Amino acid sequence: MKSIVILISGRGSNMEAMLAADLPCRIAAVISNKADAKGLETARDHGIATAVVAHAEHASRELFDAALAAEIDRHRPDLVVLAGFMRILGDDFVRRYHGRLMNIHPSLLPAFPGLHTHRRALEAGCRIHGCTVHFVTPALDSGPVVIQAAVPVFAEDSEATLAARVLTQEHFAYPQAVRWFVEGRLTLGRDGRVLLSGERRDGDVLLSPAPDHPKS
Ligand code: NHR
Ligand code: GAR
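So, in structure tokens, the structure goes:
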């Protein structure tokens, strides 16, 4: 059975969704760059090993990355999962985990890489927003896309209501992506493209605003 390590920085609701999804893999550890991350408690409550590698205690990004990699490698994971992990990782770190490092980003990439995605989607007047699971590459939020989920944006939305709607979909999309990976169905090809075996082809469309005459 494959094993994974999950990196968090805060609440850890995506991590919790993975625990709840009963994935066919071992969750070897949950590691945070912040000692006060709420998700660490949740992981401990589930009997999962936790560790803190505090970025604030390292003199440079390179030293932090190296300490983080050392902690991850103790567990020899097949996959490293960024779940609300908020530190940009350097090229050496990303290359070390090439094809086995995934992130969930709260926008429909390539729209809105970086931070404050929900605010920016509202400001841009988007009618559709969402989240993206991607393999991590050195360029921020630009790696090959594994799965995306779209949600409508409503005129009365605030950053908080929109974030909550997206987060609900994150909790479906991310465990699905990790399941594909640990089942051995999902790989990053040598050409940098995502390969998913046995992919379904009956995806639905989301029109937002909804049309007057919905398809039956
Ligand atoms: N690292 C690389 N190399 N590539 C990616 O695609 C990465 C990554 C590290 C994290 C998650 C990402 C997101 O989904 C992620 C993707 C943090 C920042 C950021 O600006 C940006 C994007 C993401 C995560 N972090 C600040 C920094 O200086 C700190 C912000 C804070 O601590 O609150 O590292 O959005
Ligand atoms: C999620 O919405 C995730 O997509 C986002 O932060 C939230 C973390 O929630 N990630 C980023 O913005 C990465 N920069 P969680 O801790 O409850 O999973």
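81 is the number of the first residue of the sequence shown in my numbering; add one for each residue after it. From the three backbone atoms N, C-alpha and C, an ideal C-beta is built for every residue, glycine too. Owing to the predicted nature of the structure, the values given are computational and were not obtained by experimental measurement.
Between the CA atoms of residue j and residue i - distance to the nearest angstrom
i: residue 163; j: residue 89; result: 8 angstroms
i: residue 187; j: residue 136; result: 28 angstroms
i: residue 172; j: residue 149; result: 10 angstroms
i: residue 245; j: residue 235; result: 14 angstroms
i: residue 114; j: residue 291; result: 45 angstroms
Per-residue burial, residue i [other beta carbons within 10 Å of its own, 16 or more giving buried]
i: residue 286; result: exposed
i: residue 293; result: exposed
i: residue 203; result: exposed
i: residue 250; result: buried
i: residue 196; result: exposed
i: residue 87; result: buried
i: residue 201; result: buried
Residue i: CB within 8 angstroms of a non-hydrogen atom of the ligand NHR
i: residue 184; result: yes
i: residue 89; result: yes
i: residue 223; result: yes
i: residue 143; result: no
i: residue 86; result: no
Nearest-angstrom beta carbon gap, residue j and residue i [assumed within contact, 8 angstroms]
i: residue 194; j: residue 220; result: 7 angstroms
i: residue 288; j: residue 208; result: 5 angstroms
i: residue 214; j: residue 183; result: 6 angstroms
Residue i beta carbon near the ligand GAR (any heavy atom closer than 8 angstroms)
i: residue 189; result: no
i: residue 279; result: no
i: residue 165; result: yes
i: residue 130; result: no
What residue ranges within the stretch 179–230 form continuous alpha helix (DSSP H) runs of no fewer than 4 residues, ordered along the chain? Secondary structure in the stretch 179–230: the alpha helix (DSSP H) runs of 4 residues or longer, each lying completely within the stretch, are 197–203 in chain order.
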